[in-house]
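At position 137 of the sequence shown the residue is numbered 137 (UniProt numbering), and the sequence of numbers has no breaks.
Backbone N, C-alpha and C fix where the C-beta goes; we use that ideal spot for every residue, glycine too.
Just so you know, these numbers come straight off a predicted model, no measurement behind them.
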Amino acid sequence: MQRISKVGIINSAACHYMGTFKHFFRKFLQKTKQSQKLLSHTSLKQLLQNCKSVESQFEVFNSFTKLTEEDISLRYAICRDIEKIFQPHFPSSSVHPTGSTVSRLGLRSSDLDLSFQHSSDLSNQCAPANEADSDLTLSS
Numbered sequence: 001m002q003r004i005s006k007v008g009i010i011n012s013a014a015c016h017y018m019g020t021f022k023h024f025f026r027k028f029l030q031k032t033k034q035s036q037k038l039l040s041h042t043s044l045k046q047l048l049q050n051c052k053s054v055e056s057q058f059e060v061f062n063s064f065t066k067l068t069e070e071d072i073s074l075r076y077a078i079c080r081d082i083e084k085i086f087q088p089h090f091p092s093s094s095v096h097p098t099g100s101t102v103s104r105l106g107l108r109s110s111d112l113d114l115s116f117q118h119s120s121d122l123s124n125q126c127a128p129a130n131e132a133d134s135d136l137t138l139s140s
């Protein structure tokens, strides 16, 4: 019974804050579109063909596809915003990015993987990666 009530609370919170989620999603899309360098496939192909080496091709390609500091900061801000939404219902909870955002191996088109941890999960939690720390930290 207790599990159903938690699910009910989550569903209630999700429905109640759907407008807020839409706002954050729109903000994310707007900032992503603003921060991305608009480049067509044909233009990128031309740039790559003009490169003198494979190394310079990689650098050009990487400059248009890798996550920037602004992209990473935006992803952390989204985590904080989602955490704020759930705080009234789960005061001891936290939301952290995981995956390619933390490892910094993601592309601009990569999704945002999240970890939602409730107070009962916090004792088993790995230390969250620091936003400014670019190294992937694994704990045993």
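For serine 56, which three-state DSSP category applies?
In the three-state scheme derived from DSSP, where H, G and I count as helix and E and B as strand, serine 56 is classed as helix.
Histidine 96 classed as buried or exposed, judged by whether at least 16 other C-beta atoms fall within 10 angstroms:
Buried, because 16 or more other Cβ atoms sit within 10 Å of the Cβ of histidine 96.
In three-state terms, what does DSSP make of phenylalanine 61?
Looking at phenylalanine 61 - three-state DSSP - the assignment turns out to be helix.
Pairwise C-alpha distance: serine 110 and cysteine 79
The C-alpha of cysteine 79 lies about 15 Å from the C-alpha of serine 110.
What are the boundary residues of the beta strand (DSSP E) that arginine 100 is part of?
Before going further, note that residue 100 is serine rather than arginine in the sequence given. Where serine 100 is concerned, there is no enclosing beta strand (DSSP E), although the alpha helix (DSSP H) it sits in stretches over 100-103.
Spatial distance of serine 53 from aspartate 71 (CA atoms)
Spanning the two alpha carbons is a distance of roughly 28 Å.
Which whole-angstrom value describes the C-beta separation of leucine 107 and lysine 66, a residue pair presumed to lie in contact below a C-beta threshold of 8 Å?
Between the beta-carbon of leucine 107 and that of lysine 66 there is about 7 Å, and that keeps the pair under the 8 Å contact cut.
With burial defined as no fewer than 16 other Cβ atoms inside 10 Å of the residue's Cβ, what is the status of threonine 101: buried or exposed?
Burial call: buried.
Would you say serine 63 touches the ligand ATP, meaning its beta carbon is less than 7 Å from a heavy atom?
Only the bare structure without any ligand can be found here, which leaves the ligand ATP out of the picture.
Taking the straight line between their C-alpha atoms, what separation do you get for tyrosine 76 and glutamate 59?
The C-alpha of tyrosine 76 lies about 26 Å from the C-alpha of glutamate 59.
When the Cα atoms are used, what is the spatial distance from proline 91 to serine 56?
Cα to Cα, the separation comes out at about 49 Å.
Within the region 75-115, note down every full alpha helix (DSSP H) run reaching 4 residues or more, in order along the chain.
Entirely contained in the region 75-115, the alpha helix (DSSP H) runs reaching 4 residues are, in chain order, 100-103.
Please go through the same chain and pick out, in chain order, the residues whose beta-carbon is closer than 8 Å to the beta-carbon of histidine 118, but skip the five residues on each side of it.
Cβ neighbours of histidine 118 within its own chain (closer than 8 Å, five residues either side excluded): Phe90, Ser92 and Ser93.
Going by the beta-carbon positions, is the gap between leucine 74 and phenylalanine 61 smaller than 8 Å?
The answer is no: Cβ separation not under 8 Å.
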